[in-house]
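Top to bottom, those sequences are chains A and B. Heads up: the first sequence is residues -18 to 126, going by the working numbering. Heads up: the second sequence is residues 874 to 1202, going by the working numbering. Glycine residues also receive a C-beta, built at the ideal position from the N, C-alpha and C atoms. Everything below concerns the one structure shown next.
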Amino acid sequence: MPTLYMKLPHEDRVLRPGALRELTLNDQTVGFALSIGMNYYRGLPLSAIEELEITVDGQAIPSALMLAEFNEKLFMPDQLALAWTEFWGIKRYLTVRVYNGGLADGEHEVAVRLILRNVYMQFGPGAYGMVDSSATRTLTLQKEN
Amino acid sequence: MKIGTIEQAVSLYGFEQRFVDVDDYGVPEMFTELNELGIEKCELIGSMVFDQYPRPKASEIAAVLAAAEKYGITINSYGGYLDKGKITGRDATDADIMYDITADLMTARDLGAPFLRAGDIPPHLLAASAAMAERYGVRIGIEIHAPSKPSDERIQQMLAVMDDIDSPFMGMVPDFGCFIERPAQPALDRHIANGANPALLDYVIENRHAGLDEAGMQAKIAEMGGGEAEKWAISEMFGFLSFGPADIEGFKTLLHRTQYFHSKFYHVTEELTDPQIPVDKLLAAIVESGFEGVLLSEYEGHAFHLDDAHEQLERHLRLEQKILSSLVD
Chain A
-18 MPTLYMKLPH
-8 EDRVLRPGAL
2 RELTLNDQTV
12 GFALSIGMNY
22 YRGLPLSAIE
32 ELEITVDGQA
42 IPSALMLAEF
52 NEKLFMPDQL
62 ALAWTEFWGI
72 KRYLTVRVYN
82 GGLADGEHEV
92 AVRLILRNVY
102 MQFGPGAYGM
112 VDSSATRTLT
122 LQKEN
Chain B
874 MKIGTIEQAV
884 SLYGFEQRFV
894 DVDDYGVPEM
904 FTELNELGIE
914 KCELIGSMVF
924 DQYPRPKASE
934 IAAVLAAAEK
944 YGITINSYGG
954 YLDKGKITGR
964 DATDADIMYD
974 ITADLMTARD
984 LGAPFLRAGD
994 IPPHLLAASA
1004 AMAERYGVRI
1014 GIEIHAPSKP
1024 SDERIQQMLA
1034 VMDDIDSPFM
1044 GMVPDFGCFI
1054 ERPAQPALDR
1064 HIANGANPAL
1074 LDYVIENRHA
1084 GLDEAGMQAK
1094 IAEMGGGEAE
1104 KWAISEMFGF
1114 LSFGPADIEG
1124 FKTLLHRTQY
1134 FHSKFYHVTE
1144 ELTDPQIPVD
1154 KLLAAIVESG
1164 FEGVLLSEYE
1174 GHAFHLDDAH
1184 EQLERHLRLE
1194 QKILSSLVD
């Protein structure tokens, strides 16, 4: 049987130092954007995302406030499971826009829970290994120019 | 480097650690490393290297070909996959599997690769896959990978089907990771650094083949006080780092259907020994069989968080050269 639990040593790619950016519209702060990388050795289709949760300073972000952006396309979190033709290359990043009204300036503890189905590692009917690409980092909010 | 009838090559998978971690380290940089190692042939893994998969953009293929020409590298083999679970809620149908195989054959042909390293094609699709491979002029090799062993019933059944088909376009790529005899020390060191209790790891190693399956071992170690660190270790030792007596006799049964070899390794010492894999016995069997083709060094020590691929590949190539030279003289 293949390895059941996969967590590779590329966690620093999941949340890089500049990953948290302020999101403004018409000079008003409307939220933030978080750039998320993958901790694996190969890319996976977006449909492989089984769980995507973002927590900032201990507060979970409701998925209704999120939009994911990839390949110049927007996805509601629930739509990611359908996006099997969108390949998330290992050197690329998924941007999640969060319309929560914004964050205070400075540092924030950001936690991403990202679990991906290991699409080629099948144990049996409907059963696949999982890739744990979760990470927690203290990030400084990057201001818009 | 060619020794007798065997040519050494390198899998770009071995450079995975740096490829993933360093933004501006890409295919040209990996080809530079091959130049430094004196290697002219490689395996390139599509889902690792390309931003679009299973069919990369034409511009991505063109960029690889341009770099290959610049650095004098040829693609021996294209590493493909069967992504059977890519459509949420549905396992791949036979048609889905043929779609993935065809896409990978297209890309292999575009890259000028004579071989496709394929995933686990089910036996009933081997004939159709061989026919598609012949259309594209690319030979398929199904990787025989740990924790499978050549003598496993499933592998022998696959071999029998291949013998029935008897096509040069359908064969195997035995991976030397099937023959790990003991865990690599860097693997154990990593788990210990992760918080695993060395005594519990010793227990797992000593009892790996004492009857418990992975779930049973997980439960046993949890009872003994193991936590997350031990859980990861057990999973590896029952998965890609599975170990036990090397199935050399089984290996010999695959040789007539072998397209090329994945000479997987985790750690070669300064004295040019591989404490995990009996590479001398494997190479002796290959030479004895009269095999003519590629022996592809595939470094996987990055699984232990190490970024030493270049040094390790250099050692591994020298180790193989030493053994092969003694066998062909």
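Closer than 8 Å by beta-carbon distance: list the chain A residues that pair up with E889(B), in chain order.
Y22
If contacts are defined as beta-carbon pairs under 8 Å, then E1143(B) and L910(B) qualify, I think. What distance do you get, rounded to the angstrom?
About 17 Å; that fails the 8 Å criterion.
Comparing C-alpha positions only, which one of N7(A), E90(A), Q123(A) sits nearest to Q40(A)?
If we check each option's Cα against that of Q40(A), E90(A) comes out closest.
Is there contact between the segment 1130 to 1143 of chain B and the segment 89 to 107 of chain A, where contact requires at least three CB pairs shorter than 8 Å?
no
With 8 Å set as the bound, which would you pick, yes or no: does the beta-carbon of G1014(B) sit closer than that to a beta-carbon of chain A?
It does not: the Cβ of G1014(B) has no partner Cβ on chain A nearer than 8 Å.
Within 10 Å of its beta-carbon, does A1140(B) have 16 or more other beta-carbons around it, so buried, or fewer, so exposed?
The sequence given here has His at residue 1140(B), not Ala. Buried, since its Cβ has 16 or more Cβ neighbours within 10 Å.
Note down, in chain order, every chain A residue with its Cβ under 7 Å from the Cβ of Y1139(B).
By Cβ distance, chain A contributes nothing, its closest Cβ being about 15 Å from Y1139(B), past 7 Å.
Strictly below 7 Å CB to CB, what residues from chain B border L107(A)?
It is Gly, not Leu, that sits at residue 107(A) in the sequence shown. Under the 7 Å cutoff, chain B gives D964.
Could you tell me if A882(B) is buried or exposed, where buried requires 16 or more neighbouring beta carbons within 10 angstroms of its beta carbon?
buried
If you measure between the beta carbons of V(-5)(A) and N20(A), is that distance less than 8 Å?
Yes, the Cβ-Cβ distance between V(-5)(A) and N20(A) is below 8 Å.
I need the straight-line Cα distance from D1147(B) to I1053(B), nearest angstrom please.
Cα to Cα, D1147(B) sits roughly 10 Å from I1053(B).
Using a beta-carbon distance cut-off of less than 8 Å, what residues from the segment 54 to 78 of chain A approach chain B?
A62, L63, W65, F68, G70, I71, K72, R73
What are the partner residues of P(-10)(A), as DSSP defines its beta bridges?
Paired residue(s): none; P(-10)(A) is not in a bridge.
Where N58(A) and I30(A) are concerned, what is the direct C-alpha to C-alpha distance, given to the nearest angstrom?
The sequence shown places Pro at residue 58(A), not Asn. Their backbone Cα atoms lie some 9 Å apart in a straight line.
DSSP puts Q9(A) in a beta bridge; with which residues?
L6(A)
Check each candidate in L1032(B), I1028(B), D967(B) and name the one with the smallest Cα separation from A1001(B).
Check the Cα spacing between A1001(B) and each of L1032(B), I1028(B), D967(B): the tightest is with D967(B).
Quick one: what's D896(B) bridged to in DSSP?
For D896(B), no pairing in a beta bridge is given by DSSP.
Quick check on this structure: which residue in V112(A), Y109(A), R(-3)(A) has the alpha carbon closest to the alpha carbon of T121(A)?
R(-3)(A)
I'd like to check one pair, S1199(B) with I876(B): are the Cβ atoms closer than 8 Å?
no
Where does S1170(B) land, buried or exposed, given buried means 16+ other C-beta within 10 angstroms?
buried
Between F904(B) and Y898(B), is the Cβ-Cβ spacing less than 8 Å?
no
Between the C-alpha atoms of G1010(B) and L885(B), what's the straight-line distance to the nearest angstrom?
Going by the C-alpha atoms only, they are around 23 Å apart.
Provide the residue(s) that pair with K959(B) in DSSP beta bridges, ordered along the chain.
The partner list for K959(B) (beta bridge, DSSP) is empty, contrary to what the question assumes.
Is it the case that the segment 70 to 78 of chain A contacts the segment 103 to 123 of chain A, given that we only count it when at least three CB pairs across the two stretches are under 8 Å?
Flag = no, the segment 103 to 123 of chain A and the segment 70 to 78 of chain A do not touch.
Reducing DSSP to helix, strand and coil, say where S28(A) ends up.
helix
Distance check for A64(A) and R1191(B), CA to CA, integer angstroms please.
46 Å
Which residues bound the alpha helix (DSSP H) around M1035(B)?
Segment 1026 to 1038, the alpha helix (DSSP H) holding M1035(B).
Under a three-way DSSP split, which group does L938(B) fall into?
In the three-state reduction of the DSSP assignment, L938(B) falls in the helix class, which pools H, G and I.
Kindly indicate which residue of R1008(B), R982(B), A1019(B), M979(B) has the alpha-carbon position closest to the one of D993(B).
A1019(B)
Quick check on Q1149(B): does DSSP put it in helix, strand or coil?
coil
Chain B partners of Q103(A), CB-CB under 8 Å?
K957, G958, D964
Would you say Q1030(B) reaches chain A, if we count a Cβ-Cβ gap shorter than 8 Å as a contact?
no
Which of the three DSSP states is assigned to A50(A) in this structure?
According to the sequence provided, residue 50(A) is Glu. The question's Ala does not apply to it. Note: E50(A) maps to strand in three-state DSSP.
Give me, in chain order, the residues of the same chain whose beta-carbon lies closer than 6 Å to that of N908(B); leave out the 5 immediate sequence neighbours on both sides.
Y944
Run down chain B in chain order and give the residues with a C-beta less than 8 Å from the C-beta of S28(A).
Within chain B, the residues placing a beta-carbon under 8 Å from that of S28(A) are K959, I960, T961, ordered along the chain.
What are the boundary residues of the alpha helix (DSSP H) that T980(B) is part of?
967 to 983
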